[in-house]
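This report concerns only the one structure given below.
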Amino acid sequence: MDLGIAGRTAIVCAASQGLGRACAMALAKEGVDVVINGRNKNTLEATADEIRAAAPKISVQTIVGDVTDRECQNALVETAETPDILLNNAGGPPPGDFRDWDRDAWVSALETNMLSAIELIRLTVDGMASRGFGRIINITSSTVRVPIPVLGMSNAARAGLTNFVFGLVPELSSKGVTINNILPGPFDTNRLRNSKELTRHLTKNSVAGRVGDPAELGALCAFLCSNNAGYISGQNIQMDGGLYPGAF
Ligand code: NAD
-8 MDLGIAGRTA IVCAASQGLG RACAMALAKE GVDVVINGRN KNTLEATADE
42 IRAAAPKISV QTIVGDVTDR ECQNALVETA ETPDILLNNA GGPPPGDFRD
92 WDRDAWVSAL ETNMLSAIEL IRLTVDGMAS RGFGRIINIT SSTVRVPIPV
142 LGMSNAARAG LTNFVFGLVP ELSSKGVTIN NILPGPFDTN RLRNSKELTR
192 HLTKNSVAGR VGDPAELGAL CAFLCSNNAG YISGQNIQMD GGLYPGAF
């Protein structure tokens, strides 16, 4: 299937590893120029080289920095010049007991998993609308639908982002700009590998008998960014191998 997005430009946040990397790779293979972000220069450059090797014809530019940092956000948008696609992503907040989280912990979680995405949308969406094409994807979590007790900050920040972006959809829909959220269940990334507590909660009711391959999520991202997906907006798309225990 020709996704029709060759020649477009994407900002892909937190893309040096895991799900963000998979999205950048999938978009690049469709001919999309990518501006990728990560906090560690060496890891980010290694990923950029892997993307260049897999998709030699496209441009891969890197912005090192924390996606919550205003300078990093501005640099991403300035480097992309006319971004057609924005993939919002960042690391998830730590698991734990809410009794142990002070205000600073909460502000950090909101900055990382809600406010940085909103700021990048603010910086890009009007340009997309004026050019008549835009695709905004937020990687959130299956915890938006089924909150996980040990992930209180993730549950809250991502729910806030989800409801915020839904409020933008009516204004943007007639302007060629779609906004959708991908809700991953358990995927084979460092996020899962590094937390036994998280792995136990995310996989205890597995019906697929496996965790997800990040490339599967990258492929979904590329489709949602495609010309074919212009009539899909405001959706929370669960990708969890059937883990979610409801029909709606
Ligand atoms: P990961 O830890 O494997 O990779 C995240 C990448 O983003 C790393 O390279 C990291 O250095 C970078 N990063 C983290 N915070 C950043 C920041 N503030 N600015 C710039 N770069 C940053 O994680 P992942 O599994 O790919 O998860 C991506 C997102 O999806 C997270 O928010 C995570 O909570 C969420 N999620 C993941 C799973 C899963 O099973 N993997 C399930 C549900 C939700």
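Numbering (this note's numbering), first residue to last: -8 to 239. Ideal placement from N, C-alpha and C gives every residue a C-beta, glycine not left out.
Looking at the unbroken alpha helix (DSSP H) that takes in V68, where does it start and where does it end?
Position 77 of the sequence shown, counting from 1, holds the residue named residue 68. First-last of the alpha helix (DSSP H) with V68: 61 to 71.
Own chain residues within Cβ distance below 8 Å of G56, not counting five before or after: Here residue 56 corresponds to residue number 65 of the sequence shown, with the count starting at 1. Excluding residues within five positions, the ones whose Cβ falls inside 8 Å are N28, R30, E62, C63, A66.
Quick one: measure Cβ to Cβ for V135 and L174, integer angstroms, because I've assumed they're closer than 8 Å. Along the sequence shown, read from residue 1 onward, the residue named residue 135 stands at position 144. Along the sequence shown, read from residue 1 onward, the residue named residue 174 stands at position 183. Sure, about 6 Å apart at Cβ, within 8 Å.
How close, in whole Å, do the beta carbons of A(-3) and E21 come, if the pair is a contact with beta carbons under 8 Å? What you label residue -3 is simply residue 6 of the sequence shown in a count that begins at 1. What you label residue 21 is simply residue 30 of the sequence shown in a count that begins at 1. At roughly 6 Å, the Cβ-Cβ gap stays under 8 Å, so A(-3) and E21 are in contact.
request  = Assuming R201 contacts G232 (C-beta within less than 8 Å), just tell me the rounded distance between them.
outcome  = Sequence index remark: in the sequence shown, residue 201 carries index 210 (1-based). Sequence index remark: in the sequence shown, residue 232 carries index 241 (1-based). Going by Cβ atoms, the distance from R201 to G232 rounds to 7 Å, so yes, they are a contact pair.
_C-alpha distance - G125 paired with F157, whole-angstrom precision_ = Reading the sequence shown from its first residue, position 134 is the one you call residue 125. Reading the sequence shown from its first residue, position 166 is the one you call residue 157. Cα to Cα, the separation comes out at about 15 Å.
TODO: Hey, could you find the ends of the beta strand (DSSP E) L(-6) is sitting in?
DONE: Here residue -6 is taken as the residue at index 3 of the sequence shown, counted from 1. Run containing L(-6): none; DSSP gives neither H nor E here.
Taking the alpha-carbon positions, what's the I109 to D60 distance? Along the sequence shown, read from residue 1 onward, the residue named residue 109 stands at position 118. Along the sequence shown, read from residue 1 onward, the residue named residue 60 stands at position 69. Rounded to whole angstroms, I109 to D60 spans 13 Å at the Cα level.
Q.
On the DSSP letters alone, give me the boundaries of the alpha helix (DSSP H) that D24 sits inside.
A. On the sequence shown, residue 24 is found 33 positions in, with the first residue counted as 1. No alpha helix (DSSP H) contains D24, which is instead part of the beta strand (DSSP E) from 24 to 29.
| request: Taking 7 Å as the cut-off, decide whether the C-beta atoms of V3 and V25 are in contact. | output: For the purposes of this step, residue 3 is taken as residue 12 along the sequence shown, with counting starting at 1. For the purposes of this step, residue 25 is taken as residue 34 along the sequence shown, with counting starting at 1. Cβ atoms of V3 and V25: closer than 7 Å.
> Is the segment 66 to 76 close to the segment 91 to 101, with three or more CB pairs under 8 Å?
Replying inline: no
Could you name the residues that DSSP lists as bridge partners for M230?
-> As a working mapping, residue 230 is identified with position 239 in the sequence shown. Answer is P175.
Q.
Starting from L159, trace the alpha helix (DSSP H) in both directions and tell me its first and last residue.
A. Looking up residue 159 in the sequence shown gives position 168. From DSSP, L159 is part of no alpha helix (DSSP H); its letter is neither H nor E.
(Q) Does the distance between the C-beta of V58 and the nearest non-hydrogen atom of the ligand NAD fall short of 6 Å? (A) Here residue 58 refers to the residue found at position 67 of the sequence shown. It does: the Cβ of V58 is within 6 Å (strictly closer) of some heavy atom of the ligand NAD.
Is T134 helix, strand or coil when you go by DSSP? By one-based count along the sequence shown, residue 134 stands at place 143. DSSP places T134 in helix when its eight states are reduced to three.
Compute the Euclidean distance between the alpha carbons of E207 and I223, then round it to the nearest angstrom. Along the sequence shown, read from residue 1 onward, the residue named residue 207 stands at position 216. Along the sequence shown, read from residue 1 onward, the residue named residue 223 stands at position 232. Distance between the alpha carbons of E207 and I223: 19 Å.
Closest by CA to R(-1), which one among A19, F178, S7, L183? Here residue -1 corresponds to residue number 8 of the sequence shown, with the count starting at 1. With distances taken between Cα atoms, R(-1) lies closest to A19.
Notebook entry, point to check: Relative to the alpha-carbon of T53, which residue among A46, A71, L111 has its alpha-carbon at the smallest distance?
Noted result: For the purposes of this step, residue 53 is taken as residue 62 along the sequence shown, with counting starting at 1. Of the candidates A46, A71, L111, the one whose C-alpha sits nearest the C-alpha of T53 is A71.
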